[in-house]
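Contents: one structure, followed by commentary.
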Amino acid sequence: MQDSDAVNTGEIIYKRISSMRLSDYEYWSTPVTPQKLFDVSPYTLADKYMGYNGDNWVITSSNTNMTVGKGYIIRGPQTYSNTVRADFTASFKGIPNNGNLSGETVEKDKFYLIGNPYPSALSANEFLKANSFINGTFYFWTHNTPLNITVRDYSSDDYAVFNLTGGVATEAAPSGDDAPGNNPFIPQGHIAAGQSFFASTNDVGTIAFTNKMREGGANNGQFFKPAKGAKEAAKSRIWLNITNEGGAFKQMLVGYVEGATNGIDNRYDGETFDANPYLDFYSVNNDLNYVIQGRALPFTDTDIVPLGYRSTVEGDFTISIQHAEGDLSNQAVYIEDKTAGKIHNLKDGKYTFSTKIGSFDDRLVLRYTDKTLGTGDFENTENNILVSIKNKAIKVTSAKENIKEVTVYDISGKLLYNKKKVGATELQIANLQSANQVLLVKITLDNDHTTTKKVIFQ
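Residue numbers (the UniProt record's numbering): 1 to 458.
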């Protein structure tokens, strides 16, 4: 990978391989200059090269030189089968792009197809830091499911989605390998060379690219591939899938992450495209439908998240956990079905329900306690935990159970203190570096009961 901003003069040939059918469209971006659309796929029909202008698809001449930083879609070669995939090699020949580059100038409140302009992976996080007018959710096209030939019939469940909360897939992970980092269908925030993606805007601006956004390794052969050695801040997240026996699939994510709030956050909340003609599945907040929703730290088991779905198919659907991590890995996770009058623990197994055709935004709730069971025990445990402050020292006391872990956050969710393996019924926290403010003290007991107390630190 090139770190300097030197101007390159020698040509390279950069190749990417994608498994395609005739009717599949791949989303491309050029890592070299100049590069004609035709030379990416010479056997594609002339009217199957397209760009996006912020509002609509636009047929683009195959003789057009690809604009640096702009995405294009190109259909499979006319010689390919429409039922059986075959490897397709896209070739880019020209001077490799490097240094500070400018992409399209964009308008407010529109979607744009943006491309990685470099012959190396691009960090989504670094890209967002430099382009504040770009909302934080990226939509990546994948053709994991059979597609109709007409572009407008493509369904949104073929868009994998990523923002700072995490990513969701268009297909379940391979059996027994459900962690998001091991699911090849989940974007990880590392945009491959030659790849483009959709993102929306919140203001006008000109898209900027710099070498700081580049990540090592030009041979990033798999789209969405995470950088080696990349580490991520601790997050408590859960991925839920909804499926039916006919093969319908939709995944959504709820995550408790630093920086997110329970309001609207354009870096942590990603709306569903709602373009799938058969099925959609999402969480609901502020009358918006999110395929990814970031929520404020600390996680508390009293939180509830309304869920919604839309189906044009009548029958049985199943909700299951794809993966849970952080505080949610050992936390009970319930689906409340208000229509059926049931609360089901997804950690015990999948939940299957019947539905009519329509949209249902007030039927399902994601929750972490069963309000019909153990209420008295829950209240007693809460009353047996005390947090007090004296002379700027925090004292946490449990009347019965030993304390396993204590974590302190400020009101924005920033981590200030963490102590694991306490192993006692009392913990003193002295010399906490904090201004006078409201703090959230999260306590986990040895029996894995978790509660959060709000205190005034002064």
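We put the beta carbon where it would ideally sit given N, CA and C, even for glycine.
Residue(s) in a DSSP beta bridge with residue 77: Beta-bridge pairing links residue 77 to no other residue.
Could you tell me the alpha carbon to alpha carbon distance between residue 255 and residue 301, rounded to whole angstroms? 13 Å
Report all residues from its chain with a CB closer than 7 Å to the CB of residue 266; omit the five preceding and five following residues, and keep chain order. 135, 136 and 202
Using CA atoms only, rank isn't needed, just tell me which of 340, 350 and 317 is closest to residue 333. 350
Would the segment 445 to 453 and the segment 401 to 414 be scored as touching if the rule is three or more Cβ pairs under 8 Å? yes
Element boundaries [beta strand (DSSP E), containing residue 171]: Element bounds for residue 171: n/a, residue is neither H nor E.
Would a C-beta distance cut-off of 8 Å place residue 111 and residue 200 closer than the cut-off? yes
Beta-carbon within less than 6 Å of residue 73's beta-carbon, same chain only, minus the 5 sequence neighbours each way: which residues are those? 25, 27 and 50
With a Cβ-Cβ cutoff of 8 Å, do residue 75 and residue 45 count as a contact? yes
Going by CA-CA distance only, name the one from 392, 390, 408 and 423 that's closest to residue 398. 423
Three-state secondary structure assigned by DSSP to residue 262: coil
Candidates 357, 354, 425 and 361: closest to residue 384 by CA position: 425
With H, G and I counted as helix, E and B as strand and the rest as coil, what does DSSP make of residue 213? helix
Starting from residue 39 and walking both ways along the alpha helix (DSSP H), at which residues does that stretch end? 37 to 40
Throw me the rounded Cβ distance for the residue 117 and residue 38 pair, which I believe falls under 8 Å. Not quite, the Cβ-Cβ distance comes to about 19 Å (not below 8 Å), so this is no contact.
Going by C-alpha to C-alpha distance, which of 434, 119 and 450 sits closest to residue 416? 434
Rounded to the nearest angstrom, what separates residue 439 and residue 450 at their Cα positions? 16 Å
Contacts around residue 372, its chain only, beta-carbon distance under 8 Å, and the 5 residues preceding and following it disregarded: In this prediction, residue 372 has a pLDDT of 48, which is less than 50 and means its spatial position is unreliable; what the coordinates show is noted afterwards. Excluding sequence neighbours, residue 372 sits near 343.
Tell me which same chain residues have a C-beta within less than 6 Å of the C-beta of residue 284, skipping the five on either side of it? 306, 308 and 361
By the DSSP assignment, the alpha helix (DSSP H) with residue 126 in it spans what residues? 124 to 130
Can you find the residues in the same chain that come closer than 6 Å, C-beta to C-beta, to residue 318, ignoring five residues on each side of it along the sequence? 243, 350 and 352
For residue 2, collect the residues of the same chain with a Cβ closer than 6 Å to its Cβ; drop the 5 residues on either side in sequence, then sort them by chain order. Below a pLDDT of 50, predicted positions are generally treated as unreliable, and residue 2, at 47, falls in that range; the measurement from the model is reported next regardless. Here the set comprises 98.
Could you tell me which of 248, 114 and 163 sits nearest to residue 278, measuring between CA atoms? 248
Tell me the residue span of the beta strand (DSSP E) that contains residue 393. 393 to 398
Would you tell me roughly how many angstroms separate the C-alpha atoms of residue 105 and residue 55, rounded to the nearest one? 14 Å
If we count the other Cβ atoms within 10 Å of its Cβ and call it buried at 16 or more, is residue 270 buried or exposed? buried
Can you name the start and end residues of the beta strand (DSSP E) that residue 159 belongs to? 159 to 163
For the beta strand (DSSP E) that contains residue 252, what are its first and last residues? 249 to 256
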